[in-house]
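Okay, so here's the structure we're looking at.
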Amino acid sequence: LVRGVPAQGRGVGTRLFFMVPVNSNLSMILWYNQDTCRFLLTTSYYELSVQNWFSLHRLQLLYNHSVLATFNATRIYAPASYSFHCDHVSSLQRYDALLIPSSANDVSKLWEVTFIDFQIQGFNIQEGHFAYAKDCASFFSPAILMGLVMSLILLLVLAYALHMLIHLKSLDRHYECKASPAYFAQMKDNDMGDEKEPLRSSGNESYELRNQQFSKIYI
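Numbering of the sequence shown is given in our numbering, commencing with residue 428 and proceeding in unit increments.
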């Protein structure tokens, strides 16, 4: 099945119902007015995913059974049991150019091809309906990457703000402890102990007579 609307075409959409299988290749033809598009699909088995994948290998534009232009398709692939969907499949750079002229000297470069709301499935079609679609939009698009970067920056700012808030609370507790009277009394006792400590630690004797006018000290 193929669904797509040419960019300059009229109508809702077109489906293809002519398929010619050749071994693991498939030729699909889409008619639109007097123009004909031939899609050449291939299938391959990938051991890593343990399943078959199909890919659009080539697109040909025909008129009166003559090939007018040939485009090589890139990044148009999906598991064989899925379909492929993309909002724009085009040869134009503004649509990411999934269709590339087959040769630089080919007349294909004179053509501009664009399909809107493009969907294709070559295998495992059930009751004429598309299977689950693998979309061409990458998960890590520029918009998503920018959103992830902004989220990371906001998380870092939030973590820094929480760290500073906890640090300020610990500083408040420290200064409240210093401002209490018990703290000053403890500091006074510590100072008195520090003043007496040199006399205790020195190995010399010291005597003091408080009630007399003279004192006698031995060193």
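Glycine included, each C-beta is placed from N, C-alpha and C at the ideal position.
Subject >> Minimum C-alpha distance to Q548 - residue among P528, S476, L483 >> reply: L483
Original post:
Leaving out five residues before and five after L468 in sequence, what residues of the same chain have Cβ atoms less than 6 Å from its Cβ?
Top reply: L453, F481, L483, G549
Subject >> Validate contact between the segment 469–480 and the segment 488–495 using beta carbons, cut 8 Å, 3 pairs >> reply: no
Original post:
With burial defined as no fewer than 16 other Cβ atoms inside 10 Å of the residue's Cβ, what is the status of S530: buried or exposed?
Top reply: exposed
**OP:** Would you check if the distance between the CB atom of Q546 and the CB atom of A560 is smaller than 8 Å?
**Re:** yes
Original post:
Helix, strand or coil: which one does DSSP assign to R502?
Top reply: coil
**OP:** Starting from V516, follow the beta strand (DSSP E) in both directions and report where the run begins and ends.
**Re:** 510–517
**OP:** Answer with buried or exposed for V429, where buried requires no fewer than 16 other C-beta atoms within 10 angstroms of its C-beta.
**Re:** buried
Original post:
How would you call G477, buried or exposed, if buried means at least 16 neighbouring beta carbons within 10 angstroms?
Top reply: In the sequence as presented, Gly is not what sits at residue 477; that position holds Val. So V477 ends up on the exposed side.
Original post:
Which of the three DSSP states, helix, strand or coil, is assigned to V540?
Top reply: coil
Original post:
Mapping DSSP to helix, strand and coil, what is A570?
Top reply: helix
Subject >> Reduced DSSP category for I580 - H, G, I as helix; E, B as strand; rest coil >> reply: helix
**OP:** Can you give me the start and stop residues for the beta strand (DSSP E) that Y473 sits inside?
**Re:** 462–473
**OP:** Using the Cα positions of S518 and P528, report the straight-line distance between them to the nearest angstrom.
**Re:** 8 Å
**OP:** Measure the C-alpha to C-alpha separation of A500 and C513 and round it to an integer number of angstroms.
**Re:** 13 Å
**OP:** Decide if Y504 is buried, meaning its Cβ has at least 16 other Cβ atoms within 10 Å, or exposed.
**Re:** buried
**OP:** Taking only the alpha-carbon atoms, compute the straight-line gap between G555 and M577 and give it to the nearest angstrom.
**Re:** 44 Å
Subject >> S529 - containing beta strand (DSSP E), residue span >> reply: Run containing S529: none; DSSP gives neither H nor E here.
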